[in-house]
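Numbering (the numbering used here), first residue to last: 125 to 625.
Glycine included, every Cβ here is placed at the ideal spot set by N, Cα and C.
Reviewing the structure listed below.
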């Protein structure tokens, strides 16, 4: 069976399932170069069909995320599907898509909880579900979008001068520099009602009400303290939901999706509460197409949860200019203080670069400030490492496999000074753990760097300048390189020289 998943809203994208396996998935922003592209994912669908050699007539069903859309948007989508010759289509509720993306890629064989939490989707902002192989996903609780934790955090994002629904990660990063001095005032805006098992709050007037609270506190509020207060409240609310869910069900196995699941500091606290935690790596609306396709596969033929092993689901490009380089040379450049851009194979699906569209640097140096300036990032934004999985416990408290950068860990105090560029001010880091099976070439780069430096990890951030999507094609990698993103650019194992076009 072949299922095409489509999401045509914020962070539009598409995914293709063949016999229940995700064979390709991508977001439209990578082609349009418009961050969080909204609209019909035309180029994404074209890529899926062409890369897999599938015609529209071979698609058994098109699964579209979301039940509600304005008439104009609905008509545009219908015309697009009709024009390409897609016949059967179905629309799937927003939070069901989020839940399906997390549960069906978790690999959990026993009963588990599935929590979805975001700003809003099809009238809801939170759902708590029970899932197992026999019955699929069954909803237990839900909260209206009028009482939204995600909307609250987005409102704080805007008040702090950032773009809501895009820069919440900046608030999370800034929060580590502040103190939660406004926590009591913010607690009046959104909370979790343990008796009703629902979010409660001030509703859709969140931004205005927060501004009123800030006016009571004073116009000279400290931004980092506001960020800290908002982050602390988000953590309190999310952990309360998880605690009550575990108390009621006795289940300590959790899947997580939705935009709030991008908050790795909250994820770290959840991880300390449960026995097992799986966070779908494309947790925001950009991952809805996968969720829609997986849910429809379950409806049509059944589907058991399986472990998602790779996110290299996007396009790949040929490039044969320049001299060949081996992992040892790349490791040498990094150890010499050079910033290396690595472009190889199929592009990553989701918000994180995992070694195929990455910028690499020496974690033992103080390169963080220089790199933030190069890429146009705020001074308080941290960088993450890629670390050899079997050696992660030397550096991380309670280390475990984390191949997709969805979890945050506390760094062991005795090694913080050894790797200053990848440790945040609060002593945490958001690693990608890697094995040889995950990515042989990138793994060998890190092994060679360890041979030189004694440290089994490198700094890894996405290959793009700030405000731009992660690069997709070699041309975009070259453009970022020429604008100063890196000292060296390696494309498919070949070094790019500036005079080669």
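Quick one: is residue i buried, meaning 16 or more other Cβ sit within 10 Å of its Cβ, or exposed?
i	result
residue 596	buried
residue 125	exposed
residue 177	exposed
residue 559	exposed
residue 592	buried
residue 457	buried
residue 304	buried
residue 623	Because the pLDDT of residue 623 is 47, which lies under 50, any placement of that residue in the model is unreliable, and the number read from its coordinates should be weighed accordingly. Residue 623 is exposed by the Cβ-count criterion.
residue 549	exposed
residue 625	Since pLDDT at residue 625 reaches only 38, below the 50 mark, its modelled position is unreliable, and no value is offered.
residue 179	exposed
residue 192	exposed
residue 539	exposed
residue 532	buried
residue 127	buried
residue 167	buried
residue 513	buried
residue 242	buried
residue 564	exposed
residue 294	buried
residue 225	buried
residue 590	exposed
residue 131	buried
residue 490	exposed
residue 580	buried
residue 245	buried
residue 627	The structure shown has nothing for residue 627, since the chain only spans 125 to 625.
residue 562	buried
residue 661	Residue 661 cannot be examined here, being either before or after the span of the chain that is shown, 125 to 625.
residue 555	buried
residue 615	buried
residue 209	exposed
What does residue i pair with, by DSSP beta-bridge criteria?
i	result
residue 356	Answer by DSSP bridge pairing: none, since residue 356 is not bridged.
residue 163	Per DSSP, none; premise fails for residue 163.
residue 262	254
residue 151	137
residue 556	510
residue 241	250
residue 620	613
residue 422	Note: residue 422 sits in no beta bridge, so no partner.
residue 142	126, 145
residue 431	230
residue 380	239, 403
residue 436	472
residue 416	Answer is none; residue 416 lacks a bridge partner.
residue 448	618
residue 281	The partner list for residue 281 (beta bridge, DSSP) is empty, contrary to what the question assumes.
residue 581	511
residue 597	Answer by DSSP bridge pairing: none, since residue 597 is not bridged.
residue 464	484, 612
residue 225	Partner(s): none; residue 225 has no beta bridge.
residue 576	Note: residue 576 sits in no beta bridge, so no partner.
residue 570	None; residue 570 has no bridge partner.
Could you give the C-beta distance for residue i and residue j, rounded to a whole number, given that I count them as a contact under 8 Å?
i	j	result
residue 129	residue 516	33 Å between Cβ atoms; not a contact.
residue 480	residue 493	About 26 Å; that fails the 8 Å criterion.
residue 141	residue 164	Actually they are not in contact, since the Cβ atoms of residue 141 and residue 164 sit about 20 Å apart, beyond 8 Å.
residue 394	residue 368	Wrong, their Cβ atoms sit about 13 Å apart, outside the cutoff.
residue 439	residue 215	27 Å between Cβ atoms; not a contact.
residue 384	residue 274	5 Å
residue 297	residue 528	Rounded, the Cβ-Cβ distance is 19 Å, inconsistent with contact.
residue 364	residue 318	7 Å
residue 675	residue 483	A question about residue 675 goes unanswered here, because the residues of the chain that appear run from 125 up to 625.
residue 390	residue 437	With a Cβ gap of about 26 Å, residue 390 and residue 437 do not count as contacting.
residue 150	residue 138	7 Å
residue 477	residue 463	The pair is not a contact, with the Cβ atoms about 14 Å apart (cut-off 8 Å).
residue 221	residue 419	6 Å
residue 545	residue 487	5 Å
With a cut-off of 9 Å, does the C-beta of residue i fall near any C-beta of chain B?
i	result
residue 567	Considering every chain present, this structure includes no chain B. It has just one protein chain.
Say the cut is 8 Å; is the CB of residue i nearer than that to a heavy atom of the ligand NAD?
i	result
residue 448	No copy of the ligand NAD occurs in the structure displayed, which carries no ligand at all.
Could you check whether the segment 570-579 touches the segment 406-418, counting it as contact only if at least three pairs of C-beta atoms, one from each stretch, sit closer than 8 Å? No contact exists between the segment 570-579 and the segment 406-418.
Ranges of the alpha helix (DSSP H) found wholly within the segment 467-551, counting only runs of at least 4: Within the segment 467-551, the complete alpha helix (DSSP H) runs of at least 4 residues are 492-499.
In chain order, which beta strand (DSSP E) runs of at least 3 residues are fully inside the segment 299-330? DSSP runs (the beta strand (DSSP E)) wholly in the segment 299-330: 314-317, 322-325.
The segment 227-234 / the segment 369-387 touching (three or more Cβ pairs under 8 Å): A contact is defined here as three or more CB-CB pairs under 8 Å, and the segment 227-234 meets this definition with respect to the segment 369-387.
Quick test of the definition: if touching needs 3 or more C-beta pairs under 8 Å, does the segment 247-267 touch the segment 279-298? The segment 247-267 vs the segment 279-298: no contact.
For the segment 444-462 against the segment 419-429, do three or more pairs of beta-carbon atoms, one drawn from each stretch, fall closer than 8 Å, so that the two count as touching? With the cut-off at 8 Å, the segment 444-462 and the segment 419-429 do not touch.
Suppose only complete runs of 4+ residues qualify. What are the alpha helix (DSSP H) ranges in the segment 168-210, listed by chain order? Runs of the alpha helix (DSSP H) lying entirely within the segment 168-210 and spanning at least 4 residues, in chain order: 195-208.
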